[in-house]
Amino acid sequence: QGGRETNQVSDDYRYQDGNYEGYVPNDGYYHGGDEPAHEEDAQSDVTEGHDEDDEVYEGEYQGIPHPDDIKAKQKKRAPAADDDYRDHADLMAERMEDEEQLAHQYENIIEECGHGRFQWTLFFVLGLALMADGVEVFVVGFVLPSAEKDMCLSSSNKGMLGLIVYLGMMVGAVVLGGLADKLGRKQCLIISLAINAAFAFLSSFVQGYGFFLFCRLISGLGIGGSLPIVFAYFSEFLSREKRGEHLSWLCMFWMIGGIFASAMAWSIIPHYGWGFSMGTKYHFHSWRVFVLVCSLPCIASLVALKFMPESPRFLLEIGKHDEAWMILKQVHDTNMRAKGEPERVFTVSYIKTPKQVDEFIEIQSSTGTWYQRWLVRFSTTFKQVWDNVLYCLTAQYRMNTLILAVVWFTMALSYYGLIVWFPDMIRYLQEEAYESRVKIFEEEEVSHFTFNFTLENQIHRNGEYKNDKFIGMKFKEVRFEDSLFEDCYFEDVTSSETFFENCTIMSSVFYNTDLYEHKFINCRLINNTFLKQKEGCHLDFEEDNDFLIYLVSFLGSLSVLPGNIISALLMDKIGRIKMIGGSMLISAVCCFFLFFGNSESAMIGWQCLFCGASIAAWNALDVITVELYPTDKRATAFGILNGLCKFGAILGNSIFASFVGITKVVPILLASSALVGGGLLALRLPETRDQVLM
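So for the sequence shown, the UniProt record's numbering puts the first residue at 1; every next one is plus one.
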């Protein structure tokens with residue numbers, strides 16, 4: 001009776017699609033429908049252990065089974081027994097067929113669920129995660145000038161701090177992207193965001209350079225893993241008609257992250273008083289407050305993600321039919337209630353699930369020690385992830401993977417190289433203008449005078465200073481050359497880019513100053529006294545060009561808004577391939593105009609034009625990478641390609657920065673050549689706008 005009721009419900013709610021009704025039930029899966037009823041004479045009258053509801057209690061006598069029951073049980077066990085002896089290739093072929101059927105059926109189910117409140121809620125939750133990725137790219141660049149002084153960073157240390165985030169992102173994209181195809185989108189995204197939030201928060205409090213570097217590395221690893229998961233996760237709730245457009249809208253949050261970071265840096269970092277000190281060793285300056293604030297989008301996304309479900313497409317891929325059905329029903333009901341149609345019924349009763357061929361190894365808690373169990377789980381998961389990586393290079397996907405790898409790399413090399421090169425060039429132009437205003441003093445003689453004001457951008461040559469006092473003053477960009485200091489008194493002096501060259505300093509006292517030994521170049525120091533020198537580094541001056549650097553980044557982020565809107569509206573109309581090729585070729589043309597950027601305003605203008613033209617290629621790359629790979633390989637492939645992208649960013653930053661102040665020809669030609677080559681190669685990729693999500 002219970003079986004007949006179940007079949008009746010199944011028939012009432014069976015999905016109405018002629019293409020997927022009544023699969024041949026030879027694959028060992030439940031398909032619903034009527035089963036042959038037992039004849040009445042097949043019921044044993046002597047069977048005991050049954051209650052009124054026909055339930056059987058374990059351990060009670062159940063009578064002698066009827067021969068027909070034995071035959072039925074043997075038939076049910078036959079498909080499972082046959083699987084043990086079938087070739088692995090046959091099982092994989094059957095799984096591929098199941099996946100193709102599932103892809104078309106899932107597309108129809110998503111269309112029935114509609115696009116509404118649920119997708120928009122998930123859109124903003126995942127958008128916050130993408131916003132955190134955008135913030136992470138800008139954080140180190142904004143804090144570097146202040147952190148340089150606060151932690152006494154050398155040039156090599158500054159370079160390492162600028163690249164360490166990209167290194168973490170590269171590793172995180174590959175590792176966490178691969179795990180997302182095995183452990184689930186939601187679970188891995190939560191892990192990714194939790195790592196980023198924890199170590200970004202911790203990095204704002206640590207004082208030492210080494211620990212700060214480590215925290216930013218792990219923080220980058222976390223946020224790097226979020227990017228491939230976000231796009232794979234969101235795409236699996238979108239229908240074919242909505243996928244290109246709404247994935248492009250999602251990319252806008254990266255722009256919002258850049259705007260947020262620029263605005264916060266502009267409003268927080270210049271206020272050096274926004275902090276506190278604990279003794280003489282621990283200082284919490286305003287740039288650390290900025291680092292703290294920049295972790296807020298990640299924390300907000302992490303909290304909101306707890307209320308979102310797992311991807312049903314992923315659950316179907318691993319055989320969890322019931323959980324996937326419940327989530328799809330939740331999506332359907334949420335959207336229908338928002339549309340004012342709560343009476344509409346979710347008509348799907350059965351969804352095709354692919355044959356499971358993976359071998360999972362599990363050790364019971366009573367077997368072995370805890371580390372043996374974890375070692376087996378780790379090695380098994382690692383093997384599965386590695387198999388997914390190799391699968392992306394099989395004959396079916398090899399050419400697409402290699403072309404995408406080249407396009408991702410060339411795009412990253414030129415884009416990330418130039419967005420670092422632009423601020424460096426602007427800073428170089430500012431320094432040139434600053435040096436042109438230097439004041440030079442020759443053979444001045446000053447005696448019995450008290451200096452208690454700031455000296456800035458000056459050169460003093462062949463001067464004599466006798467019985468002078470330098471008290472509570474600041475030197476900024478000051479050089480003393482071939483000068484004499486005799487019986488002078490220096491107290492509470494701070495200096496920045498200040499040096500004494502070929503000077504003679506006699507019988508002078510230095511009390512509470514930061515005039516260290518390395519600032520005296522080829523000098524004669526005779527009978528001098530150094531007392532209570534300042535320890536560590538100090539934030540001495542508010543840079544006048546801070547405002548312009550923040551403004552440049554703000555405008556660069558804002559300039560991608562038109563490109564985002566255009567790419568979202570046209571993504572499904574002109575296709576992904578034309579969008580990538582056209583955007584990269586237009587960006588290459590913009591690079592050539594950089595030859596005419598000889599002023600700060602011109603560089604800012606060309607930067608905005610370049611960023612606005614290139615964003616469409618980024619959006620189309622994200623979309624086509626999601627669509628070219630099947631569900632169980634999607635996050636892995638995206639992670640590999642995004643990791644390669646971050647490697648290109650590291651090379652671009654290093655190469656382009658080395659030519660600042662030397663020549664503009666090499667960076668411009670390198671960027672434009674990479675964009676042209678990548679754009680032309682992208683035209684060989686298959687168009688994916690009309691295909692279902694495999």
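Idealized CB from N, CA, C, for every residue including glycine.
- In chain order, which alpha helix (DSSP H) runs of at least 4 residues are fully inside the region 310 to 352? 312 to 317, 321 to 338
### Message
Short of 8 Å in beta carbon distance, which residues of its chain neighbour MET308, apart from the five on each side in sequence? Order them along the chain.
### Response
Looking up residue 308 in the sequence shown gives position 308. Closer than 8 Å at the Cβ level, and outside the excluded window around MET308, lie THR121, LEU122, VAL125, LYS186.
*DSSP state of MET694, grouped into three classes?*
Position 694 of the sequence shown, counted from the start, is the residue given in the question as residue 694. The answer is coil: DSSP assigns MET694 none of H, G, I, E or B.
- May I ask you to report which of helix, strand or coil DSSP gives VAL493? Locating residue 493 in the sequence shown gives position 493, where the first residue counts as 1. It is coil, neither helix nor strand.
>> Just to confirm before moving on: does the CB-CB distance between ALA637 and ALA412 stay below 8 Å?
In response: If you number the sequence shown from 1, residue 637 lands on position 637. If you number the sequence shown from 1, residue 412 lands on position 412. It is not a contact, given that the beta carbons lie outside the stated cut-off.
**OP:** With a threshold of 16 other CB atoms inside 10 Å of the CB of ASN522, please say whether the residue is buried or exposed.
**Re:** Reading the sequence shown from its first residue, position 522 is the one you call residue 522. Taking all protein chains in view, the Cβ of ASN522 is surrounded by fewer than 16 other Cβ atoms within 10 Å, so the residue is classified as exposed.
Which whole-angstrom value describes the C-beta separation of LEU418 and ALA671, a residue pair presumed to lie in contact below a C-beta threshold of 8 Å? For this step, residue 418 is matched to residue 418 along the sequence shown. For this step, residue 671 is matched to residue 671 along the sequence shown. Contact holds; Cβ gap of about 6 Å.
Classify HIS518 as helix, strand or coil using the three-state DSSP reduction. As a first step, residue 518 is located in the sequence shown; it is residue number 518 there, counting from the start. Note: HIS518 maps to helix in three-state DSSP.
- Query: Do the region 435 to 448 and the region 461 to 469 meet, that is, are 3 or more Cβ pairs less than 8 Å apart?
  - Reply: yes
Would you please state the rounded distance, in angstroms, between the beta carbons of GLY224 and MET170? I believe it to be under 8 Å. Counted from its first residue, the sequence shown places residue 224 at position 224. Counted from its first residue, the sequence shown places residue 170 at position 170. At roughly 7 Å, the Cβ-Cβ gap stays under 8 Å, so GLY224 and MET170 are in contact.
Tell me the DSSP secondary structure of residue 695 in three-state form.
Residue 695 lies beyond the range of the chain shown here (1 to 694); nothing can be said about it.
- Task: Decide if GLY643 is buried, meaning its Cβ has at least 16 other Cβ atoms within 10 Å, or exposed.
- Result: Here the question's residue 643 lines up with position 643 in the sequence shown. Buried.
Which listed residue (ILE565, PHE475, CYS488, PHE451) has its alpha carbon closest to that of ASN528: Numbered from 1 along the sequence shown, position 528 holds the residue referred to as residue 528. Checking every option, the nearest Cα to that of ASN528 belongs to CYS488.
Check each candidate in GLY114, ALA173, VAL143, GLN101 and name the one with the smallest Cα separation from LYS646. Here residue 646 refers to the residue found at position 646 of the sequence shown. Per the Cα distances, ALA173.
Assigned secondary structure, GLU435 (DSSP; H/G/I helix, E/B strand, else coil): As a working mapping, residue 435 is identified with position 435 in the sequence shown. Correct three-state label for GLU435: helix.
> Whose C-beta lies closer than 6 Å to the C-beta of PHE530 among residues of the same chain, with five residues either side of it excluded?
Replying inline: Locating residue 530 in the sequence shown gives position 530, where the first residue counts as 1. So the qualifying residues of the chain are PHE510.
Q) So which of GLU112, TRP606, HIS115, HIS285 has the shortest CA-CA distance to ALA147? A) Within the sequence shown, the letter at position 147 stands for residue 147. For ALA147, the nearest C-alpha among the options comes from HIS285.
Problem set entry | 8 Å contact criterion, which MET579 and ALA617 should meet: CB distance rounded | Translated into the one-based positions of the sequence shown, residue 579 becomes position 579. Translated into the one-based positions of the sequence shown, residue 617 becomes position 617. Going by Cβ atoms, the distance from MET579 to ALA617 rounds to 7 Å, so yes, they are a contact pair.
* Between the CA atoms of GLY258 and GLY134 - distance to the nearest angstrom -> Here residue 134 refers to the residue found at position 134 of the sequence shown. Here residue 258 refers to the residue found at position 258 of the sequence shown. Spanning the two alpha carbons is a distance of roughly 5 Å.
Worksheet entry | Close-in-space but distant-in-sequence residues of the same chain around LEU558 (CB under 7 Å, 5 per side omitted) | Walking along the sequence shown from the start, residue 558 turns up at place 558. Contacts found: ILE259.
*Could you say which of THR353, ILE327, TYR166, GLU310 lies nearest to MET96 if we only look at CA atoms?*
Against the sequence shown, residue 96 aligns to sequence position 96. It is THR353 whose Cα lies nearest to the Cα of MET96.
Margin query: Please list the terminal residues of the continuous beta strand (DSSP E) segment that includes PHE485.
Written below: The residue labelled residue 485 in the question sits at position 485 within the sequence shown. Per DSSP, the continuous beta strand (DSSP E) segment holding PHE485 begins and ends at 484 to 486.
### Message
Within a Cβ cutoff of 6 Å, which residues of the same chain sit near LEU429, ignoring the five residues on either side of it in sequence?
### Response
In the sequence shown, the residue the question calls residue 429 occupies position 429. Excluding sequence neighbours, LEU429 sits near GLU600.
(Q) Check whether the region 236 to 251 and the region 612 to 628 touch, using three or more Cβ-Cβ pairs below 8 Å as the test. (A) Taking a cut-off of 8 Å for Cβ pairs, the region 236 to 251 and the region 612 to 628 touch, as three or more such pairs fall below it.
Problem - ASN400 burial status per 10 Å Cβ neighbour count (16 or more: buried) - result: Position 400 of the sequence shown holds residue 400. Buried.
>> Determine whether the beta carbon atoms of GLN119 and LEU238 lie at a separation below 8 Å.
In response: Position 119 of the sequence shown, counted from the start, is the residue given in the question as residue 119. Position 238 of the sequence shown, counted from the start, is the residue given in the question as residue 238. The answer is yes: Cβ separation under 8 Å.
**Asked** What number of angstroms, rounded off, separates the C-alpha of GLY677 from the C-alpha of THR410?
**Response** What you label residue 677 is simply residue 677 of the sequence shown in a count that begins at 1. What you label residue 410 is simply residue 410 of the sequence shown in a count that begins at 1. Each residue's Cα considered, the two are about 8 Å apart.
Fill in: Exposure of LEU221, with buried meaning 16 or more beta-carbon neighbours within 10 Å
Looking up residue 221 in the sequence shown gives position 221. The residue is buried, with at least 16 neighbouring Cβ atoms inside 10 Å.
>> Rounding to the nearest angstrom, what Cα-Cα distance links SER583 and ILE269 in this structure?
In response: Taking the sequence shown and counting its residues from 1, one reaches residue 583 at position 583. Taking the sequence shown and counting its residues from 1, one reaches residue 269 at position 269. C-alpha separation (whole angstroms): 35 Å.
Pick from GLY208, LEU621, LYS534, LEU305 that is closest to residue 696, judged by C-alpha positions = The requested residue 696 does not occur in the structure, where the chain is confined to residues 1 to 694.
C-beta contact flag for ASP514 and LYS532 at 8 Å: Here residue 514 corresponds to residue number 514 of the sequence shown, with the count starting at 1. Here residue 532 corresponds to residue number 532 of the sequence shown, with the count starting at 1. Taking 8 Å as the Cβ cut-off, ASP514 and LYS532 do not qualify as a contacting pair.
Exercise. Just how far apart, CA to CA, sit LEU176 and ILE577?
Worked result: Against the sequence shown, residue 176 aligns to sequence position 176. Against the sequence shown, residue 577 aligns to sequence position 577. Near 28 Å, if we compare the C-alpha coordinates of ILE577 and LEU176.
| query | Taking Cβ to Cβ, would you say ALA657 is nearer than 8 Å to ASP424? | reply | On the sequence shown, residue 657 is found 657 positions in, with the first residue counted as 1. On the sequence shown, residue 424 is found 424 positions in, with the first residue counted as 1. Contact: yes.
Sequence ranges, alpha helix (DSSP H) only - wholly within the region 107 to 161, length at least 4: 117 to 150
Note to self: Given this structure, state the Cα-to-Cα distance separating HIS460 from SER414, to the nearest angstrom.
What the structure shows: Counting from one through the sequence shown, the residue named residue 460 turns up at place 460. Counting from one through the sequence shown, the residue named residue 414 turns up at place 414. If I take the Cα positions, the gap works out to 43 Å.
Would you kindly check if the distance between the Cβ of LYS664 and the Cβ of PHE595 is under 8 Å?
Stepping through the sequence shown from its first residue, residue 595 is reached at position 595. Stepping through the sequence shown from its first residue, residue 664 is reached at position 664. Yes, the pair counts as a contact, with Cβ atoms nearer than the cut-off.
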